[in-house]
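Residue numbers (my numbering), protein chains in the order written: chain A, 30 to 425; chain F, 153 to 385; chain E, 0 to 198. For every residue, glycine included, the Cβ atom is placed at its ideal position computed from N, Cα and C. A short worksheet on the structure shown next.
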Amino acid sequence: MKRSIKSISVLVCICATVAVLLAMTNYLTAPIIQKTEQENASAALLEVLPDGGSFELVDTSAYTLPSTVSEVYKAENGGYVVKLSTTGYSAGMVIMCGISADGRVVGTKLIASAETPAIGGTAADTFAGSVVGKDVESVDGVDTIAGATKTTAAYRSAVKDALNTVIILGGGSVDIRTEEEILADNLSSALPSANGEFDKYFFVEVLDGVDAIYTANNNSGAVCVIGEKFIAVDTDAKVLSECSDAEAQAVRSAIEKISSTVITDIDLTAYEGLPKQLISAKITATGNYIIEIKAAGYGIAGGNEYHPASGKYIEIRVSLSADGRIIDCLTLSEEETDGIGSACADERFYGQFDGKTEENYDDIDAISGATITTDGYKKAILRAFECVKIFEGGEK
Amino acid sequence: MKKNNGFSVLMNGIIKENPVFVLILGTCPTLATTTNVFGAFGMGISTLIVLICSNILISLLRKVIPDNVRIPCYIVIIAGFVTIVQMVVHAFFPALYDMLGVYLALIVVNCIILGRAEMFASKNSVGRSALDGLGMGIGFTLALCSIAVIREVLGAASFAGIAIPFLADYKIDFLVKAPGGMVVYGLLIALVSALTFGKSPKKKEFSCAGCPGAKLCGSAACHGEKHEEKEEK
Amino acid sequence: MEGFKGLVVILLSSVLVNNYVLSRFLGICPFLGVSKKLNQAVGMGVSVTVVMLLATLATWPIQHLVLDKFGLGYLQTIVFILIIASLVQILEIVLKRFSPALHQGLGVYLPLITTNCAVLGVAINNINDKFTFVQSLVSSLGCGLGFLLAMVLFSGLRSRIDESEVPKSFRGVAITLIAASFISLAFMGLAGIVDNLFA
Chain A
30 MKRSIKSISV LVCICATVAV LLAMTNYLTA PIIQKTEQEN ASAALLEVLP DGGSFELVDT
90 SAYTLPSTVS EVYKAENGGY VVKLSTTGYS AGMVIMCGIS ADGRVVGTKL IASAETPAIG
150 GTAADTFAGS VVGKDVESVD GVDTIAGATK TTAAYRSAVK DALNTVIILG GGSVDIRTEE
210 EILADNLSSA LPSANGEFDK YFFVEVLDGV DAIYTANNNS GAVCVIGEKF IAVDTDAKVL
270 SECSDAEAQA VRSAIEKISS TVITDIDLTA YEGLPKQLIS AKITATGNYI IEIKAAGYGI
330 AGGNEYHPAS GKYIEIRVSL SADGRIIDCL TLSEEETDGI GSACADERFY GQFDGKTEEN
390 YDDIDAISGA TITTDGYKKA ILRAFECVKI FEGGEK
Chain F
153 MKKNNGFSVL MNGIIKENPV FVLILGTCPT LATTTNVFGA FGMGISTLIV LICSNILISL
213 LRKVIPDNVR IPCYIVIIAG FVTIVQMVVH AFFPALYDML GVYLALIVVN CIILGRAEMF
273 ASKNSVGRSA LDGLGMGIGF TLALCSIAVI REVLGAASFA GIAIPFLADY KIDFLVKAPG
333 GMVVYGLLIA LVSALTFGKS PKKKEFSCAG CPGAKLCGSA ACHGEKHEEK EEK
Chain E
0 MEGFKGLVVI LLSSVLVNNY VLSRFLGICP FLGVSKKLNQ AVGMGVSVTV VMLLATLATW
60 PIQHLVLDKF GLGYLQTIVF ILIIASLVQI LEIVLKRFSP ALHQGLGVYL PLITTNCAVL
120 GVAINNINDK FTFVQSLVSS LGCGLGFLLA MVLFSGLRSR IDESEVPKSF RGVAITLIAA
180 SFISLAFMGL AGIVDNLFA
């Protein structure tokens, strides 16, 4: 008993002495550590904003900033340095972005990333140079770098977030919502009874004056988009939103046209020479065609699209008038590379085909980094034109 | 083994019982911090300081510390010195601190230090313990640096971070990666063993006796080692 | 890195990509010393996994609820090593008392674990990586399993070495290290797999 008391007291004494020694060392070294860390931190900040002078961490809790922003420093000269973390090819890209007082990029630096060093890594360095001098408007115009589209696109949107952050901190208001969120918000505020659930209506007729129609999933009505305006109508085609008479008229006639549309299936076996990729075809009472067709995606890269087992198709629905003008176009399904070819399911891509004819359908912007997907898509559109010609030519 | 004068105690750690190549202690920092000569040297010196300090203190307290709590006492003392070194390095050599990272804190579990405390400092006078710590520390530092020179110069075409231009096209990336470290270390152990064959002490005895769990370990790992040696004879 | 997916990523990357023994060299002493026979390798691996989990269970709350709160961050190393040492001691006593069979199996490995840098390494890394409590536990489990995996694979390799004729100078640790580099080389091939698994 006596022995163990002695043992324990020796151990406790040693622990206490060591703890006191450590506390003393900590007291001596802690200020130096803090100082060098501060110097290191501001050295990193000076790298992206050389004329910044001294920096001060900004308390951003009162602002709603883009989610990528992790820290904001205000420089002595009125500029800002924004630290952002985002996801390029893989998570963990950390970017420092120096912005001058007049809202232009002074310098950016990738300070941590898990990108492939040989591809995304060097691309990020090149890209860092090309955003210098851009402001919030012109930054969108900087091209991504081929082969590292994901890395550079993430970099660009991070820089844009940084620019927006500076505007927000300066008291300005910036819409940091994505395009999809803006659309969803507009639709919901036009027709609250739909509970925010809409389907985009696929045009089979040319509807004059109306750009797009979204129907409520719970059948409570629809929202017609005319220019920037969102006009709600109920199921009896009664206009609910405020708008001019001409707009109301356009909406009413569009709804009328939609509800009176009669669609009949076309018997594909009755025609000769239809492409193999054709899935189904329908005709409306007014003589427009709705064609569903497969396009060869990247999975069938070698062009061997007649061997369906080996590849992946993109399914497209396209409506055309009898004289071969595209009314509407929609990607139904795709299995392309996520983040690259998958952009073919984005309205910004397939929306480009609206109004095109066989003469000018080629005149669209390709999906960056996905030439094969774009080419396959165009080929399918060309086949749709051929189908219409065959249907117009009559049964065999 | 004669350990009469201070000089032989000092040289013992550097050559005859070199902790890295002969006693095979502290393999973890040996492999992890030798991709850069600067880092290896920093690791070596940090370990050296902890080793000398803990050896001195433990030797001073060797009559005070009761036998049944000696291991926890040694651990506390060593951890204290490691933390002090850690704070000093952080304050005055931030680049080294970033480079060594967690391995700096892990000096605490480097078997060399606990091993020397148990094997030497607890049985010898303060002066001899300090010399032993110095010798072992220098031996450790030299060994780390020699591995690091091979790995960094041939693997990264640089020396202590300074690029060697004419080697840049011929660098062997493999050497600075994890498996490369093991190969270089393995080859150097074999080289040392070939050079000192017959003269070096029986390595296994030392590495096991230095281990705090040696008593219990005897029934498991070390038992196997002894068994092997018999076979070799 | 959120939710369940994040946890799976942490688990897989600590088992395969950032394997403690093979790419960070933590716990390499027992890896070289106790991997001679399969049953020893498994015993050591299981013990390390258990201690790692228990150590994280204890060190994470202490770091966040005690050390950080009172500005005692500088005591981290000393507190962690003491916690691990006492945990190992307690575990040994408990095993001896309540499950002598298990103690017979694992008990011999426990004292070796106190100075196993992998355990302290996991505890410190979990704090440095700013993991949450659950993430820390998952990462500890992964590191332990990674250690077990490396030990088991290596014990298979070593049994082959024992049967072969090795040059005199290479006998013992030298050839063991060179053999370990092959396992490490194999694991290097797994780098990047986890990120792309969920990309």
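Review point. When the cut-off is 7 Å and only beta carbons count, does A:Val49 lie next to chain F?
Key: Here residue 49 of chain A is taken as the residue at index 20 of the first sequence, counted from 1. No, A:Val49 does not count as interfacial toward chain F.
Check your understanding: If you draw a straight line from the C-alpha of A:Cys416 to the C-alpha of A:Pro304, how long is it?
Key -> What you label residue 416 of chain A is simply residue 387 of the first sequence in a count that begins at 1. What you label residue 304 of chain A is simply residue 275 of the first sequence in a count that begins at 1. So the two alpha carbons sit approximately 8 Å from each other.
Point to revise | Sub-7 Å separation of F:Ile259 and F:Val234 beta-carbons | key: As a working mapping, residue 259 of chain F is identified with position 107 in the second sequence. As a working mapping, residue 234 of chain F is identified with position 82 in the second sequence. Taking 7 Å as the Cβ cut-off, F:Ile259 and F:Val234 qualify as a contacting pair.
Practice item. Compute the distance between the beta-carbons of F:Ala309 and F:Ile316, then report whether it is under 7 Å. Key: Your numbering for residue 309 of chain F matches position 157 in the second sequence. Your numbering for residue 316 of chain F matches position 164 in the second sequence. Cβ distance < 7 Å, so F:Ala309 and F:Ile316 count as in contact.
Point to revise | Residue from E:Lys129, E:Thr113 and E:Leu189 whose Cα sits closest to the Cα of E:Met43 | key: As a working note, residue 43 of chain E is residue 44 in the third sequence. Among E:Lys129, E:Thr113 and E:Leu189, the Cα nearest to that of E:Met43 belongs to E:Thr113.
**Study point:** Min CB distance E:Tyr108 to chain A below 7 Å
**Key:** Taking the third sequence and counting its residues from 1, one reaches residue 108 of chain E at position 109. So no, E:Tyr108 is outside the interface.
Exercise for review: Determine the extent of the alpha helix (DSSP H) in which E:Ala57 is found, giving its start and end residues.
Suggested key: Taking the first residue of the third sequence as position 1, residue 57 of chain E is located at position 58. Per DSSP, E:Ala57 belongs to the alpha helix (DSSP H) from Leu37 to Pro60.
Check your understanding: Which chain E residues sit within Cβ distance under 7 Å of F:Cys225?
Key -> Taking the first residue of the second sequence as 1, we reach residue 225 of chain F at position 73. In chain order: nothing, as chain E lies at least about 11 Å away.
Review point. When burial is assigned at 16 or more other CB atoms within 10 Å of the CB, is A:Thr264 buried or exposed?
Key: Within the first sequence, residue 264 of chain A is the residue found at index 235, counting from 1. So A:Thr264 counts as exposed.
Point to revise | Distance between beta carbons of E:Leu105 and E:Val87, contact taken as under 8 Å | key: As a position in the third sequence, residue 87 of chain E is number 88, starting the count at 1. As a position in the third sequence, residue 105 of chain E is number 106, starting the count at 1. 11 Å between Cβ atoms; not a contact.
Point to revise | From E:Gly188, E:Val50, E:Lys35 and E:Ala178, residue whose alpha carbon lies closest to that of E:Leu111 | key: To locate residue 111 of chain E, count along the third sequence from 1; it is residue 112. The shortest Cα separation from E:Leu111 among E:Gly188, E:Val50, E:Lys35 and E:Ala178 belongs to E:Val50.
Exercise for review: Leaving out five residues on either side along the sequence, give the residues of the same chain with a beta carbon under 7 Å from the beta carbon of F:Leu283.
Suggested key: Indexing the second sequence from 1 puts residue 283 of chain F at position 131. The answer, listed in chain order, is Gly158, Val161 and Leu162.
Review point. Within 10 angstroms of its Cβ, does F:Asn220 collect 16 or more other Cβ (buried), or is it exposed?
Key: Against the second sequence, residue 220 of chain F aligns to sequence position 68. Per the 10 Å Cβ criterion, exposed.
Check your understanding: Can you find a C-beta in chain E that's less than 7 Å from the C-beta of A:Asn247?
Key -> Here residue 247 of chain A refers to the residue found at position 218 of the first sequence. No, its Cβ sits nowhere closer than 7 Å to a Cβ of chain E.
Review point. What are the uninterrupted segments assigned as beta strand (DSSP E) that are 3 or more residues long and contained completely in the segment 316-394 of chain A, given in chain order?
Key: 318-325, 342-349 and 355-362
**Study point:** Members of the segment 258-284 of chain F that neighbour chain D once the beta carbon cut-off is set at 7 Å
**Key:** Among the protein chains of the structure shown, namely A, F and E, there is no chain D.
Point to revise | Closer than 7 Å to chain E by CB, F:Tyr249 | key: Counting from 1 along the second sequence, the entry for residue 249 of chain F is found at position 97. No, its Cβ sits nowhere closer than 7 Å to a Cβ of chain E.
Review point. Of the choices A:Lys311, A:Arg346, A:Ile393 and A:Lys408, whose alpha-carbon is the least far from that of A:Glu421?
Key: Counted from its first residue, the first sequence places residue 421 of chain A at position 392. Closest by alpha carbon: A:Lys311.
Check your understanding: Helix, strand or coil for F:Thr185 per DSSP?
Key -> On the second sequence, position 33 is the one that residue 185 of chain F refers to. Three-state result, F:Thr185: coil.
**Study point:** Same chain, Cβ closer than 7 Å to E:Asn18, five either side skipped, listed in chain order
**Key:** Taking the first residue of the third sequence as 1, we reach residue 18 of chain E at position 19. Cβ within range, chain order: Gly145, Ala149 and Phe186.
Review point. Under a CB-based cut-off of 7 Å, is E:Asn38 close to chain F?
Key: In the third sequence, counting from the first residue as 1, residue 38 of chain E sits at position 39. So no, E:Asn38 is outside the interface.
Check your understanding: Taking 7 Å as the CB-CB cut-off, is A:Ser16 touching chain F?
Key -> This structure does not reach residue 16 of chain A, given that chain A is present from 30 up to 425, and the question cannot be answered.
Check your understanding: Which class does A:Cys416 belong to by DSSP, given the choice of helix, strand or coil?
Key -> The residue you call residue 416 of chain A lines up with position 387 of the first sequence. Of the three classes helix, strand and coil, the one that applies to A:Cys416 here is helix, per DSSP.
Review point. When you compare only the Cα positions, how much space is there between F:Cys190 and F:Leu294?
Key: Sequence index remark: in the second sequence, residue 190 of chain F carries index 38 (1-based). Sequence index remark: in the second sequence, residue 294 of chain F carries index 142 (1-based). Correcting the residue type first, residue 190 of chain F is Phe in the shown sequence and not Cys. Taking the straight line from one Cα to the other gives about 12 Å.
Practice item. May I have the straight-line CA-CA distance separating F:Glu381 from F:Leu339, to the nearest angstrom? Key: Translated into positions along the second sequence, residue 381 of chain F becomes position 229. Translated into positions along the second sequence, residue 339 of chain F becomes position 187. Only weak support exists for where F:Glu381 lies, its pLDDT of 35 falling under 50; the value from the coordinates is given anyway. So the alpha carbons of these two residues sit roughly 21 Å apart.
Review point. How is F:Ser160 classed by DSSP in three states: helix, strand or coil?
Key: For the purposes of this step, residue 160 of chain F is taken as residue 8 along the second sequence, with counting starting at 1. F:Ser160: helix per DSSP, three-state reduction.
Exercise for review: Under 8 Å by Cβ, that's how I've got A:Ile284 and A:Ala251 pegged, so tell me the actual separation to the nearest angstrom.
Suggested key: As a position in the first sequence, residue 284 of chain A is number 255, starting the count at 1. As a position in the first sequence, residue 251 of chain A is number 222, starting the count at 1. Contact holds; Cβ gap of about 7 Å.
Practice item. Give, in chain order, every unbroken run of the alpha helix (DSSP H) that is at least 4 residues long and sits entirely within the segment 253-330 of chain F. Key: 254-257, 263-268 and 278-308
**Study point:** Residues that A:Leu40 contacts on chain F, provided the C-beta gap is smaller than 8 Å
**Key:** Locating residue 40 of chain A in the first sequence gives position 11, where the first residue counts as 1. Val221, Pro224, Cys225 and Val228, listed in chain order.
Practice item. Check whether the Cβ of A:Asn317 lies closer than 7 Å to any Cβ atom in chain E. Key: The count along the first sequence starts at 1 and reaches residue 317 of chain A at position 288. A:Asn317 does not count as touching chain E.
Practice item. Determine which residues share a DSSP beta bridge with A:Ala245 and list them. Key: Here the question's residue 245 of chain A lines up with position 216 in the first sequence. Beta-bridge pairing links A:Ala245 to A:Phe227.
Practice item. Please list, in chain order, all residues of the same chain as F:Gly178 whose beta carbon is under 8 Å from its beta carbon, the five residues on each side excluded. Key: Within the second sequence, numbered from 1, the residue matching residue 178 of chain F stands at position 26. Only Pro171, Val172, Thr199, Asn262, Cys263, Ile264 and Phe292 meet the Cβ criterion.
**Study point:** Beta-carbon neighbours of F:Ala217, restricted to chain A and to distances below 9 Å
**Key:** Your numbering for residue 217 of chain F matches position 65 in the second sequence. For the sequence presented, residue 217 of chain F should be read as Ile rather than Ala. The answer, in chain order, is Ser36, Val39, Leu40 and Ile43.
Check your understanding: Is there at least one Cβ from chain E nearer than 7 Å to A:Asn193's Cβ?
Key -> As a first step, residue 193 of chain A is located in the first sequence; it is residue number 164 there, counting from the start. No, no contact with chain E.
Exercise for review: Determine the burial state of F:Gln238: buried for a count of at least 16 other Cβ atoms within 10 Å of its Cβ, exposed for fewer.
Suggested key: Here residue 238 of chain F refers to the residue found at position 86 when the second sequence is read from its first residue. With 16 or more other Cβ atoms within 10 Å, it is buried.
Exercise for review: Might you give, ordered along the chain, the residues of its own chain that have their beta carbon closer than 8 Å to the beta carbon of F:Pro181, omitting 5 neighbours on each side?
Suggested key: One-based indexing of the second sequence puts residue 181 of chain F at position 29. For F:Pro181, where only same-chain residues beyond five positions count, the Cβ hits under 8 Å are Met195, Thr199, Tyr255, Leu258, Ile259, Asn262 and Leu296.
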